[in-house]
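The structure appears below as structure tokens.
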Amino acid sequence: MAVPKVCGIETEYGILVRGAENNPVTASALLINAYTGAVEDQVAFDLIAEDPRRDARSPDPLDPYEFDPELEYVPVNAVLTNGARYYVDHAHPEMSTPEVRSPLEAVIWDRAGEEIVRESIDAAQRLVPVGAELLIHKNNSDGKGNSYGCHENYLVDRTLPFGKVISAVMAHFVTRQIFAGSGKVGCEFPGMSSDAVDYQISQRADFFEEEVGLETTVRRPIVNTRDEPHCDASRYRRLHVIAGDANMSEVATFLKVASTAMLLSAVEDNPDLEMPALANPVRAISQVSHDPTLAAAIQAFDGTTIRAIDMQWQLFDIARTWFEQTGGEAVGEADCTLALEHWERILAGLENDPLTVADSVDWVAKQRLISAYAERHQLEPGAAALRAIDLQYHDMRRHKGLAGRCGLLTLVTDEQVSQAMKSPPDNTRAFFRGRCIERFPDEVLAANWDSMVFDLGAGPLRRVPMDDPLRGTAELVANVIANSATAKELVAALAEPNE
Amino acid sequence: MPDRIQRKMPERQSEESIESEVVESDRPATDDLDDLLDEIDEILEENAEDFVRSYVQKGGE
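The listed protein sequences correspond, in order, to chains E and Z.
The numbers in the working numbering rise by one with no breaks, and the one at position 94 of the first sequence is 94.
The numbers in the working numbering rise by one with no breaks, and the one at position 41 of the second sequence is 1041.
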């Protein structure tokens, strides 16, 4: 049975200081501290339960395993009242949305993350030396072979063998870039020169070297096996997806998440479902990306060749059939309906005239700017000005960002986004996390995805487990939080039977 | 519930019939693109070459 597709998005932003020493770690810390200091009561994220070395291919999820938990130094690590985590990951600021229950909610809290980053830039800009400037980009590559991620997460039934998870998503992760790619000038494929490709579909495709694996920073795999469910491991997996671009288009973010959630659900509901497969996914992901004419044929597992767009039509049909047969409850009926509409519209548009989906697909919107600008100024492919446009498409500063000027369709309202900057979703455990931090900032010592630690003054620290992402919702805990005058009362009330 | 964009979606059709429906008005207007290019000329990073060269990101994920 398909479990509810609780999901979330983690975005690492590019960061650059101009006019002063460019240290991305201190700049990231400054950015986040400027926001949390100005706006939020900071609560630390608790790393004790983090275990990114755990591998989904281990036969028994509860067996002891050979790796030590990797406790990395994280200089700034905050949990926000909207349930998000905002922290310095290596040398980038990273925003992890709270757990949400639907793809459209993923868009709302991803957009809220963008607006928090924008407020952070404004707050941090007042703290940098005169003449210095902080630049933040929602992209995935510096054009010089360095990449950073936009990861997605999906709740998956633990009883589904991981091999089935792989077959549910592999062909999709290779081909979904035709609607979810963010576009890139030039080539970063190892061993190829930068100008070997004028313009490609994906920011990230050049960086994948394995089909399946545990790594995220070297030998990147298309399907990542990190098995760190952040919830009851006997019931659930969290599929950690690293093969995707950060999107500026709300439609692209929405469809990327919704299509993936639907395909996972289809295979959970019918593990014997035959999913289309590719002969060489690693080769195919860059082949598809390097051909914005969409004509490239990639090799299917059965030896035939197929275009990415035809593979997408097959996956679209699988998702639609699943929706018609089940009603789509695991993802949400309204979200499925909307996703299928956009999926069909965009595939048809890409097939006939990609410019008709320039309002929805980032790589098409960016290509439109770059082609027209090159024509106006008689620029060669790969010219510095075109690379600057590529970067500036993702610039988070309102007065500089180009994506916001391209007429991209929106799916959510400014009011929803503004509310989501402060408030958690009400239908996952993020509600409990966010509201506790809002109500009892002094007593919440630390927060994690699956627990909260309270310091109640006297006595030992109290850890409140949150093993089920679907509990801790407004329906279950709003009253008890509202009726508790202190954190001590709240913890006592939660310990009572029937709570 | 969040606002939804309203747009009538056709049933999936044969390539021929889709092709016949592609009309210029589905594309973003060319005038808007000219205005946008004017704006890019104004706001594009000065000295694009230096900007692109200095844009280096290390360490991630």
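All residues carry an ideal CB built from backbone N, CA and C; glycine is no exception.
Just so you know, these numbers come straight off a predicted model, no measurement behind them.
Residue i and residue j closer than 8 angstroms at C-beta
{"i": "E/Ile32", "j": "E/Ala91", "result": "no"}
{"i": "E/Gln203", "j": "E/Ser182", "result": "yes"}
{"i": "Z/Glu1045", "j": "E/Gln392", "result": "yes"}
{"i": "E/Val331", "j": "E/Ala258", "result": "yes"}
{"i": "E/Ile121", "j": "E/Met170", "result": "no"}
{"i": "E/Leu239", "j": "E/Val185", "result": "no"}
{"i": "E/Asp359", "j": "E/Leu409", "result": "yes"}
{"i": "E/Val76", "j": "E/Ala446", "result": "no"}
{"i": "E/Val288", "j": "E/Thr175", "result": "yes"}
{"i": "E/His172", "j": "E/Leu263", "result": "yes"}
{"i": "E/Leu340", "j": "E/Glu268", "result": "no"}
{"i": "E/Gly19", "j": "E/Ala123", "result": "no"}
{"i": "E/Leu369", "j": "Z/Ile1043", "result": "no"}
{"i": "E/Leu278", "j": "E/Ala300", "result": "yes"}
Coarse secondary structure for residue i, derived from DSSP in three states
{"i": "Z/Leu1044", "result": "coil"}
{"i": "E/Gln299", "result": "strand"}
{"i": "E/Gly382", "result": "coil"}
{"i": "E/Ser28", "result": "helix"}
{"i": "E/Phe336", "result": "A small correction: the amino acid at residue 336 of chain E is Cys; Phe does not occupy that position in the sequence shown. The answer is helix: DSSP assigns E/Cys336 an H, G or I state."}
{"i": "E/Glu133", "result": "strand"}
{"i": "E/Ser194", "result": "helix"}
{"i": "E/Ile481", "result": "helix"}
{"i": "E/Met170", "result": "helix"}
{"i": "Z/Gln1057", "result": "coil"}
{"i": "E/Asn77", "result": "strand"}
{"i": "E/Gln203", "result": "coil"}
{"i": "E/Ala44", "result": "strand"}
{"i": "E/Lys184", "result": "strand"}
{"i": "E/Leu16", "result": "strand"}
{"i": "E/Arg85", "result": "strand"}
{"i": "E/Leu239", "result": "strand"}
{"i": "E/Ser579", "result": "This structure cannot speak to residue 579 of chain E, because chain E is shown only from 1 to 499."}
{"i": "E/Ala330", "result": "coil"}
{"i": "E/Leu369", "result": "helix"}
Euclidean distance between Cα positions of residue i and residue j
{"i": "E/Ala295", "j": "E/Met452", "result": "51 angstroms"}
{"i": "E/Glu375", "j": "E/Lys144", "result": "25 angstroms"}
{"i": "E/Ser167", "j": "E/Gly459", "result": "50 angstroms"}
{"i": "E/Ala29", "j": "E/Thr36", "result": "10 angstroms"}
{"i": "E/Ala388", "j": "E/Thr326", "result": "47 angstroms"}
{"i": "E/Gly434", "j": "E/Met248", "result": "26 angstroms"}
{"i": "E/Ile437", "j": "Z/Asp1050", "result": "44 angstroms"}
{"i": "E/Leu461", "j": "E/Phe454", "result": "6 angstroms"}
{"i": "E/Ile309", "j": "E/Glu496", "result": "55 angstroms"}
{"i": "E/Tyr373", "j": "E/Met396", "result": "21 angstroms"}
{"i": "E/Leu27", "j": "Z/Val1052", "result": "Checking the sequence shown, residue 27 of chain E turns out to be Ala, not Leu. Spanning the two alpha carbons is a distance of roughly 19 angstroms."}
{"i": "E/Glu209", "j": "E/Arg219", "result": "5 angstroms"}
{"i": "E/Val165", "j": "E/Val3", "result": "13 angstroms"}
{"i": "Z/Leu1033", "j": "E/Leu338", "result": "28 angstroms"}
Cβ-based neighbour list, residue i, same chain, cut-off 6 angstroms, excluding 5 preceding and 5 following
{"i": "E/Ala432", "result": "The question names Ala, but residue 432 of chain E is Phe in the sequence shown. Same-chain partners within the cutoff: Gly472, Val477."}
{"i": "E/Ala430", "result": "Gly83, Pro98, Glu99, Pro424"}
{"i": "E/Cys231", "result": "Asp450, Asp467, Pro469"}
{"i": "E/Lys366", "result": "Gly183, Tyr393"}
{"i": "E/Pro281", "result": "Met170, Val174, Glu211, Ile222"}
{"i": "E/Ala180", "result": "Ala252, Lys256"}
{"i": "Z/Asn1047", "result": "none"}
Residues near residue i in its chain [Cβ-Cβ closer than 7 angstroms; skip 5 each side]
{"i": "E/Asp89", "result": "Glu12"}
{"i": "E/Thr97", "result": "Gly8, Ile9, Ala84, Ala106, Trp109, Asp110, Gly113"}
{"i": "E/Ala246", "result": "Thr11, Lys138, Asn139, Asn140, Cys150, Ser182"}
{"i": "E/Glu215", "result": "Pro221"}
{"i": "E/Leu456", "result": "Glu443, Arg462, Ala487, Lys488, Val491"}
{"i": "Z/Asp1031", "result": "none"}
{"i": "E/Ser147", "result": "Asn140, Ser141, Arg204, Phe207"}
{"i": "E/Trp322", "result": "Met262, Ser265, Ala266, Asp269"}
Chain-order list of residues whose beta-carbon lies under 8 angstroms from that of residue i (same chain, five-residue window excluded)
{"i": "E/Ala493", "result": "Val480, Asn483, Ser484, Glu499"}
{"i": "E/Cys187", "result": "Ser193, Ser194, Asp195, Ala196, Val197, Gln200, Asp206, His290"}
{"i": "E/Phe440", "result": "Phe454, Thr486, Ala487, Leu490"}
{"i": "E/Phe45", "result": "Val74, Asn77, Ala78, Val79, Arg85, Tyr87, Ala446, Ala447, Asn448"}
{"i": "E/Val412", "result": "Leu104, Val107, Ile108, Arg111, Glu250"}
{"i": "E/Thr356", "result": "Gly349"}
DSSP beta-bridge partners of residue i
{"i": "E/Val223", "result": "E/Val212"}
{"i": "E/Thr11", "result": "E/Met95, E/Cys150"}
{"i": "E/Ile306", "result": "E/Ile298"}
{"i": "E/Pro465", "result": "E/Ser451"}
Short CB-CB distance (under 8 angstroms) between residue i and chain A
{"i": "E/Leu239", "result": "No chain A is part of this structure, whose protein chains are labelled E and Z."}
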